[in-house]
Structures are given as C-alpha cells and as structure tokens.
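Worksheet: the structure to be examined is printed underneath.
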Amino acid sequence: TLNIEEKVFAIADQFDHQGKIVQIKPFGNGNINDTFLVDLDGQTQTSFILQRINHQVFKNPAAVMGNMVRVTTHIKQKLQRQPLERPWLMPEVILTKNNQDHWDSGTGEFWRAISFIAGSESFDILTDPAQAKEVGTALGIFHQLLSDLSPSQLVDTLPGFHHTPIYLQQYQRALAQNPKLTGSLGPEINHCQRVIKTWLDQCGVLETAKAQGQLPLRLMHGDPKVNNILFDRQSGKAVSVIDLDTTKPGLIHYDLGDCLRSGCNLLGEETENWSAVEFDLDLCRAILEGYLPQCQHFLTAADYDYLCPAIVLISFELGLRFFTDYLNGDRYFKVKYPEHNLIRALVQFQLASHIQSQEDAIRRMIEDIRG
Ligand code: ATP
Ligand code: MG
Ligand code: MG
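Throughout the sequence shown, residue numbering follows this note's numbering, covering 57 to 427 in sequence.
Encoded structure:
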C-alpha cells in the first residue's frame, strides 16, 4: 500500500501536466477542499494546483467541474476577444490524461487540477481602502465577464443556497423539542431568538424580487470572500478570482452582500467580542467604488434598489445559519468550542444591525458613486 505522499504523487500523475513532478506540498488555508501545490521541473516549468473536492459539501462533484469548465472557458475566450485594460488571470482546468475534467478514484474521492497563478497572494482581513477597492473591482470584473453567459448553462450545484426563507424553515425545525432550549435560557440565546423574530416578514425580500422577475437570475461566484481574491505581489493589484466551486445561477446581490459583509467587519467574523462588531463605511465605499463601475452597464434600476437590503440580509442570513447549526449541535460549521456557532451568530446579527442603522448613508454612497 502507498503512503499518503506516494498516493498524492500518483494522483497528480493522472493529470495531463507537462513535466516531471519534483515536489508536492499542502497549500493555502482553504476550509473546504484539500489543496496541494505540485511543482514540476524542466523547460515548461509550470506548477499546478491539485485539489481533492469536498463531496460532503458538493454532492455532485462532476457538476461542479462542468460548471468550472464552462465558466473558465467562457472567460478565457472573452478575454481573448476583448482584453481588459489591466492584467487579469483565470485559473484553467487541467484535464486528466483521459481527457476528463476530474479524476474519480472509484472509491469516493474526486480530484481536480487547475493552473497555478504564480507570484500572487491573498489576505484574510482587509485593512486598507486601496485593497478594498481592488476586492470590489475584482468581484465586478468577475460579474462583468460572466454577464453574457446564460445562467441556464450552469447547474445549480447547491439548491437552496442563499434562499433565506428556507434557512428560516430549517431554524424553525431546529426549535422543535430542542434540548438547548429547555430550562432557563442564557441572554445570548434569547437575544438571537428576538433578532430572528424581527426578520420573519422581511427575510424573503430577495427571493420575492427574484420570483417576481424584478431581479434577474445571473451567474454568481457564491463565495466572494476576501481570501478568494488573488493579488499580484509586485503591483499589489487584484489579478484573479479563484475558488469557483460555488459558481452557479443566482443573484449578484448575494455576492456583493457577502463580499461587503466579510470585507467591512474589521474585527473579523471569528471575534468573540461580538458586541463591538461594526460595519466600516470607509471600506464599504472603497469596495463599492471598485465594484459599481465594472457593472454599471448591465445593472438595472431594480438591481440598485436591492443592493442595500441585500447587504443587511446576507449578514442576517449567515447569523441565522450559525444559530441554527448551534441549535442542531454543530453539524455543518466546524467549531473550536461549544458556544462557537452561537458567538458567530451574534457577530453576524450585530453586523446586520449596524449595517441597518447606516442604511441611509450606504444608499447615498451608492447614488453618489453611480453619479
Ligand atoms: P474556502 O475555504 O475559501 O472555500 P477552498 O478549500 O475551497 O477554500 P481554494 O480557495 O480553492 O480552497 O484554495 C485554497 C487556497 O489555495 C487559496 O486561498 C489560495 O491561496 C490557493 N490557491 C487555490 N487555487 C489557486 C490558484 N489557481 N493559483 C494560486 N493559488 C491558488
Ligand atoms: Mg477559498
Ligand atoms: Mg471554496
């Protein structure tokens, strides 16, 4: 039998790379997939990324890869026809020697290879408005590049993702006969329940707008957090958006909300000091100043109207998901201590409430940038 290292070498060799593999090491700090960097020697020296797809999360890895090929091919062709005015790179899917977009071990493991964006780095927390503007620009470029690919070309690999009313139903199911809700409840649990009550009538705002045709179904990234954007080490400019597992039909509002939620919370989503969490308006402005000019040619008046509600809703939604997972005994989000998901929920609820209290300012900001 092979040890782990030999096993990964053998898997890397299933893919159609150009050269001899000299080294493989674990790479990056992703939470979902297992990621390795494979170094090759020789003239055509090009390292590549090898990933074991997490099929607990992605039940249909073949569909995830089909989407990824569709998206990267579309973007590559579009960039050839209409180059951007700035350097931009798209990871490409490297096929197996049998021309497949992933390698299926036959024993329940699914692996893929993608080209490596060399000379780049990513960040977990934003501090600098110039960087924040780059993050917004990168998300805008990604949406713009996909704005002419029909959403029907991609498979919905995560049905119900960002459908807030479905998360609410899951919460309501978790409430029934929950052992955590017997006896005298801690103030934090009471607080979460009170917050959720105030949202019962509003949490369908995006889904209703989508169902009524006010907001068009488009292609979205699905996980546009800061560390999925690669910056060139030399220029400090964003050069790529990676981690395309969740790219699928949806609303661009989910992405922008998610990006702002994660990018403008200076204490980060893992802070335990939840009552001090704030939504930073300077970083918000910088992200919007990067994002909106990239997308203004396809955003409709209704799109703009729902940007602000989306930013609040997406923060609330994540809080709701954390709290539900806490009630369910931490089945989905890994925890480091027993109250971890409860604290994470409080962080997001605090963020949502701080965004809500600044909604007028954010709305004016959007108007102002639109000009
Ligand atoms: P997440 O927790 O964000 O969902 P993940 O487990 O899905 O992460 P990725 O984001 O795809 O994994 O990859 C993990 C890390 O590996 C990235 O944050 C990045 O640092 C690095 N990485 C992935 N793909 C590339 C690439 N094509 N070029 C350069 N670096 C890459
Ligand atoms: Mg990632
Ligand atoms: Mg990911």
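Where is the CB? At the ideal position from N, CA and C, for every residue including glycine.
Coarse secondary structure for residue i, derived from DSSP in three states
{"i": "Ser176", "result": "strand"}
{"i": "Thr213", "result": "coil"}
{"i": "Ser171", "result": "strand"}
{"i": "Trp159", "result": "strand"}
{"i": "Leu256", "result": "coil"}
{"i": "Ala357", "result": "helix"}
{"i": "Lys281", "result": "coil"}
{"i": "Asp311", "result": "helix"}
{"i": "Gly319", "result": "helix"}
{"i": "Pro305", "result": "strand"}
{"i": "Ile109", "result": "coil"}
{"i": "Val368", "result": "helix"}
{"i": "Thr129", "result": "helix"}
{"i": "Met146", "result": "coil"}
{"i": "Ser240", "result": "coil"}
{"i": "Val8", "result": "The chain is shown from 57 up to 427; residue 8 falls before or after that span and cannot be answered."}
{"i": "Val295", "result": "strand"}
{"i": "Arg430", "result": "Not covered by the structure: residue 430. The range shown for the chain is 57 to 427."}
{"i": "Val120", "result": "helix"}
{"i": "Arg426", "result": "helix"}
{"i": "His140", "result": "Reading off the sequence, residue 140 comes out as Leu, not His. Coil at Leu140, not helix or strand."}
Candidates the options, of which the one nearest residue i by Cα
{"i": "Arg274", "options": "Gln350, Trp167, Ser208", "result": "Ser208"}
{"i": "Leu402", "options": "Ser296, Ile418, Glu244", "result": "Glu244"}
{"i": "His277", "options": "Gln249, Gly260, Asp311", "result": "Asp311"}
{"i": "Ala417", "options": "Asp336, Val127, Phe166", "result": "Asp336"}
{"i": "Ala188", "options": "Lys392, Leu339, Phe378", "result": "Leu339"}
{"i": "Leu145", "options": "Lys134, Arg168, Asp386", "result": "Lys134"}
{"i": "Asp204", "options": "Ala169, Ile131, Ala119", "result": "Ile131"}
{"i": "Pro272", "options": "Leu262, Glu423, Cys315", "result": "Leu262"}
{"i": "Trp330", "options": "Glu177, His396, Phe354", "result": "His396"}
{"i": "His111", "options": "Met121, Phe104, Ala174", "result": "Met121"}
{"i": "Val125", "options": "Glu165, Gln74, Val211, Gln138", "result": "Val211"}
{"i": "Pro365", "options": "Arg419, Gly216, Gly346", "result": "Arg419"}
{"i": "Ala358", "options": "Gly196, Ile170, Gln270", "result": "Gln270"}
{"i": "Leu407", "options": "Pro394, Ala332, Gln352, Ile425", "result": "Ala332"}
{"i": "Leu286", "options": "Asp160, Thr193, Asp69, Arg108", "result": "Thr193"}
{"i": "Thr213", "options": "His247, Lys153, Asn116, Ser161", "result": "Asn116"}
{"i": "Ser178", "options": "Ile422, Ile67, Phe83", "result": "Phe83"}
{"i": "His199", "options": "Cys315, Phe92, Phe65", "result": "Cys315"}
With 16 other Cβ atoms within 10 Å as the buried cut-off, status of residue i
{"i": "Ile367", "result": "buried"}
{"i": "Gly239", "result": "exposed"}
{"i": "Gly324", "result": "exposed"}
{"i": "Asp299", "result": "buried"}
{"i": "Leu256", "result": "exposed"}
{"i": "Thr356", "result": "exposed"}
{"i": "Gln350", "result": "buried"}
{"i": "Thr302", "result": "buried"}
{"i": "Arg400", "result": "buried"}
{"i": "Thr183", "result": "exposed"}
{"i": "Thr163", "result": "exposed"}
{"i": "Ile60", "result": "exposed"}
{"i": "Lys304", "result": "buried"}
{"i": "His309", "result": "buried"}
{"i": "Val78", "result": "exposed"}
{"i": "Asp424", "result": "exposed"}
Inter-residue Cα distance where the pair is residue i and residue j
{"i": "Lys253", "j": "Leu224", "result": "10 Å"}
{"i": "His410", "j": "Lys236", "result": "28 Å"}
{"i": "Tyr362", "j": "Leu231", "result": "30 Å"}
{"i": "Leu434", "j": "Lys76", "result": "With the chain covering only 57 through 427, there is no way to say anything about residue 434."}
{"i": "Asp72", "j": "Ile150", "result": "7 Å"}
{"i": "Glu141", "j": "Arg250", "result": "49 Å"}
{"i": "Asn234", "j": "Thr380", "result": "11 Å"}
{"i": "Gly260", "j": "Leu369", "result": "9 Å"}
{"i": "Gly175", "j": "Val191", "result": "17 Å"}
{"i": "His219", "j": "Gln412", "result": "20 Å"}
{"i": "Ala265", "j": "Phe372", "result": "18 Å"}
{"i": "Ile173", "j": "Val282", "result": "16 Å"}
{"i": "Arg341", "j": "Ala267", "result": "30 Å"}
{"i": "Ile88", "j": "Val113", "result": "8 Å"}
{"i": "Leu348", "j": "Gln138", "result": "20 Å"}
{"i": "Leu106", "j": "Thr129", "result": "19 Å"}
{"i": "Val127", "j": "Leu201", "result": "9 Å"}
{"i": "Tyr382", "j": "Ile181", "result": "25 Å"}
{"i": "Leu434", "j": "Asp97", "result": "The requested residue 434 does not occur in the structure, where the chain is confined to residues 57 to 427."}
{"i": "Leu376", "j": "Lys153", "result": "44 Å"}
{"i": "Gln258", "j": "Phe389", "result": "25 Å"}
{"i": "Asp95", "j": "Lys63", "result": "16 Å"}
{"i": "Arg168", "j": "His247", "result": "44 Å"}
{"i": "Tyr393", "j": "Pro147", "result": "36 Å"}
{"i": "Gln136", "j": "Met421", "result": "34 Å"}
{"i": "Arg215", "j": "Ile222", "result": "As written in the sequence, residue 215 is Pro, which differs from the Arg given in the question. Their Cα atoms are separated by approximately 10 Å."}
### Task
Could you please go through the chain and list the residues whose beta-carbon is closer than 5 Å to any non-hydrogen atom of ligand 2?
Having a Cβ closer than 5 Å to some heavy atom of ligand 2 are Gly86, Asn284, Asp299.
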